[in-house]
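Peer 1: For our numbering, add 62 to where a residue sits in the sequence shown, where the first one is 1.
The beta carbon of each residue, even a glycine, is placed where N, CA and C say it ideally should be.
Below you'll find the structure I mean.
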Amino acid sequence: MTVLAAALAFGLQLPAPAPVLDAVPFEVPSADGYLIQGETDRPAGPARGVVIMVAGTGVFTRDVGFGRSGTPGDRIFLDLAARFNRHGMAVVRFDRRGARYGVPREERTDKAVAPTATAENLSQDVEALYDWTRSERGLGAQCVVLFGHSEGTVHIAGLAERGAAPPDLVIGVGGLLESKASVVRWQSVDRVPESLLMMDGDGDGEVTDAEISANFRNTPAGVFEDTAPLLNPGGRWTAADIAGFRAEQAALFAQETPMTRPTRTPRSPLRAGVGGSPGSWTTRPTPSGCRAGPRP
């Protein structure tokens, strides 16, 4: 489900935007000392407010290269930042833990850092940026919007759970409708088997390498942008193969997932919400937004 009503209010459905006008790099320490790297994209005139953009699942740099059109719009967060800039909003974009910016694609994942990312420290990274954006040592913003895509909405929800001050607006795109545990299980266990079944183009109950190459981009497994994790050494998947693979992944997931105590999951902020007590700001229905006019 996508929540775009608030986004449309900012006029994001526009022709292709001009390049980001003024990018200022930053480094902000997180709670555990990790240095978050990113940039603030500033509009041409005085900013009406600041949008902090939080990516979903994946080792994404600040640009969030997610599209496959071969156009500049494939760098989705960069494209959206330019659009926000056109409407007077500054934008904070950052590299997720383990992502290296400005290097060739094959070098973008820091293999020493990426495995250390957790739901907790990723949410703390967002909180550190939120505090920095609002503080005098940072941007001193009085109007702040939190923009989360997919898993990013969960990291934003973590701020509310920890009692952070309410932002002026939350925008959730592709927000989660289930618990983190069920989503992670689907990603780990069910995504590939379900995708393989969708790739059976001729419906004969077998999925060949050729069918995988032709169809994988139209399935949830298209996020891999590579067929290598999907190919069977024997050249084809039978229904029994797929069922066996799913069972193996389920056993591995159960083995690797702590089950000693229930884990409380923050509610994903799927509705634009602001105001109220710190613990309730993700469920408030009426946004104030960042109104037109100068900001100190």
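Report the residue ranges of all beta strand (DSSP E) runs contained in full by the stretch 177 to 264; include only those spanning at least 3 residues, in chain order.
Peer 2: Within the stretch 177 to 264, the complete beta strand (DSSP E) runs of at least 3 residues are 206 to 211 and 231 to 235.
Peer 1: Starting from F88 and walking both ways along the beta strand (DSSP E), at which residues does that stretch end?
Peer 2: For the purposes of this step, residue 88 is taken as the residue at position 26 of the sequence shown. Start and end: D84 to P91.
Peer 1: Quick one: what's T270 bridged to in DSSP?
Peer 2: Position 208 of the sequence shown, counted from the start, is the residue given in the question as residue 270. Note: T270 sits in a beta bridge opposite R298.
Peer 1: Is the separation between the beta-carbon of G297 and that of D271 shorter than 7 Å?
Peer 2: Within the sequence shown, the letter at position 235 stands for residue 297. Within the sequence shown, the letter at position 209 stands for residue 271. Yes, the Cβ-Cβ distance between G297 and D271 is below 7 Å.
Peer 1: Sorted by chain position, which residues of the same chain lie with C-beta nearer than 6 Å to A93's C-beta, five sequence neighbours on each side aside?
Peer 2: By one-based count along the sequence shown, residue 93 stands at place 31. Within the same chain, A93 has close Cβ partners Q186.
Peer 1: Is G132 buried or exposed, if buried means 16 or more other CB atoms sit within 10 Å of its CB?
Peer 2: Position 70 of the sequence shown, counted from the first residue, corresponds to residue 132. Exposed.
Peer 1: When we look at the beta-carbon of S257 and count the other beta-carbons within 10 Å, is it buried (16 or more) or exposed?
Peer 2: The residue labelled residue 257 in the question sits at position 195 within the sequence shown. Per the 10 Å Cβ criterion, buried.
Peer 1: Just the Cα atoms here: how many angstroms apart are R333 and F146?
Peer 2: The residue you call residue 333 lines up with position 271 of the sequence shown. The residue you call residue 146 lines up with position 84 of the sequence shown. Only weak support exists for where R333 lies, its pLDDT of 35 falling under 50; the value from the coordinates is given anyway. Taking the straight line from one Cα to the other gives about 20 Å.
Peer 1: Taking E101 and V86 to be in contact with their CB atoms under 8 Å, please state how far apart those CB atoms are, rounded to whole angstroms.
Peer 2: For the purposes of this step, residue 101 is identified with residue 39 of the sequence shown, where counting begins at 1. For the purposes of this step, residue 86 is identified with residue 24 of the sequence shown, where counting begins at 1. Right, the Cβ-Cβ distance comes to about 6 Å (below 8 Å), so this counts as a contact.
Peer 1: Does any residue of chain D have a CB that is nearer than 7 Å to the CB of G220?
Peer 2: The displayed structure is made up of one protein chain only, and chain D is not part of it.
Peer 1: My assumption, with CB atoms under 8 Å, is that R211 sits in contact with V153. Please give the rounded CB distance.
Peer 2: Position 149 of the sequence shown, counted from the first residue, corresponds to residue 211. Position 91 of the sequence shown, counted from the first residue, corresponds to residue 153. According to the sequence as given, residue 211 is His; it is not Arg. The pair is not a contact, with the Cβ atoms about 14 Å apart (cut-off 8 Å).
Peer 1: Judging by CA-CA distance, which residue of A309, I274 and V235 is the nearest neighbour of D252?
Peer 2: Within the sequence shown, residue 252 is the residue found at index 190, counting from 1. Of A309, I274 and V235, the residue nearest in Cα terms is A309.
Peer 1: Going by DSSP in three states, V113 sits in which element: helix, strand or coil?
Peer 2: The residue labelled residue 113 in the question sits at position 51 within the sequence shown. V113 falls in the strand class under three-state DSSP.
Peer 1: Determine the extent of the beta strand (DSSP E) in which R155 is found, giving its start and end residues.
Peer 2: Translated into positions along the sequence shown, residue 155 becomes position 93. M151 to F156 is the extent of the beta strand (DSSP E) around R155.
Peer 1: What I want to know is whether the C-beta of A302 ends up closer than 6 Å to one or more non-hydrogen atoms of the ligand ZN.
Peer 2: Looking at this structure, you won't find the ligand ZN or any other ligand, since it has none at all.
Peer 1: Report the rounded CA-to-CA distance for E240 versus G111, giving the unit in angstroms.
Peer 2: Looking up residue 240 in the sequence shown gives position 178. Looking up residue 111 in the sequence shown gives position 49. Computed Cα separation, rounded: 31 Å.
Peer 1: Bridge partners of R308, per DSSP?
Peer 2: Looking up residue 308 in the sequence shown gives position 246. Looking at the DSSP assignment, R308 forms no beta bridge with any residue, so it has no partner.
Peer 1: What residue from G202, E268, G160 and P166 has the CA that sits closest to A174's CA?
Peer 2: In the sequence shown, the residue the question calls residue 174 occupies position 112. Here the closest residue by C-alpha is G160.
Peer 1: Give the range of the beta strand (DSSP E) segment to which R104 is assigned.
Peer 2: For the purposes of this step, residue 104 is identified with residue 42 of the sequence shown, where counting begins at 1. Element bounds for R104: L97 to R104.
Peer 1: When we look at the beta-carbon of V90 and count the other beta-carbons within 10 Å, is it buried (16 or more) or exposed?
Peer 2: In the sequence shown, residue 90 corresponds to position 28, counting from 1. It counts as buried.
Peer 1: Relative to the C-alpha of T124, which candidate in T195, I114, P229 and F156 has its C-alpha closest?
Peer 2: Here the question's residue 124 lines up with position 62 in the sequence shown. The question names Thr, yet the displayed sequence has Arg at residue 124. Residue F156 is the option with its Cα nearest to R124.
Peer 1: Tell me whether A161 sits in a helix, a strand or coil according to DSSP, three-state version.
Peer 2: For the purposes of this step, residue 161 is taken as residue 99 along the sequence shown, with counting starting at 1. Residue state, collapsed to three classes: strand.
Peer 1: Are there 16 or more other CB atoms within 10 angstroms of the CB of T178, so buried, or fewer, so exposed?
Peer 2: Taking the first residue of the sequence shown as 1, we reach residue 178 at position 116. Flag for T178 reads exposed.
Peer 1: Is the stretch 231 to 239 in contact with the stretch 267 to 282, if contact means three or more CB pairs nearer than 8 Å?
Peer 2: Verdict: no, contact absent.
Peer 1: Quick check: the stretch 215 to 222 against the stretch 182 to 199, are there 3 or more CB pairs under 8 Å?
Peer 2: With a cut-off of 8 Å, the stretch 182 to 199 and the stretch 215 to 222 count as touching, because enough Cβ pairs lie within range.
Peer 1: Exposed or buried, E273, counting other C-beta atoms within 10 Å across all chains shown (16 or more means buried)?
Peer 2: The residue you call residue 273 lines up with position 211 of the sequence shown. So E273 ends up on the buried side.
Peer 1: For D266, which residues from the same chain have a beta carbon less than 7 Å from its beta carbon, with the 5 sequence-adjacent residues on both sides left out?
Peer 2: As a working note, residue 266 is residue 204 in the sequence shown. Result list for D266: empty, nothing under 7 Å.
Peer 1: Where does the unbroken alpha helix (DSSP H) through F146 begin, and where does it stop?
Peer 2: Translated into the one-based positions of the sequence shown, residue 146 becomes position 84. That run of the alpha helix (DSSP H) goes I138 to R148.
Peer 1: Three-state secondary structure (DSSP) at G132?
Peer 2: The sequence position of residue 132 within the sequence shown is 70, counting from 1. Coil at G132, not helix or strand.
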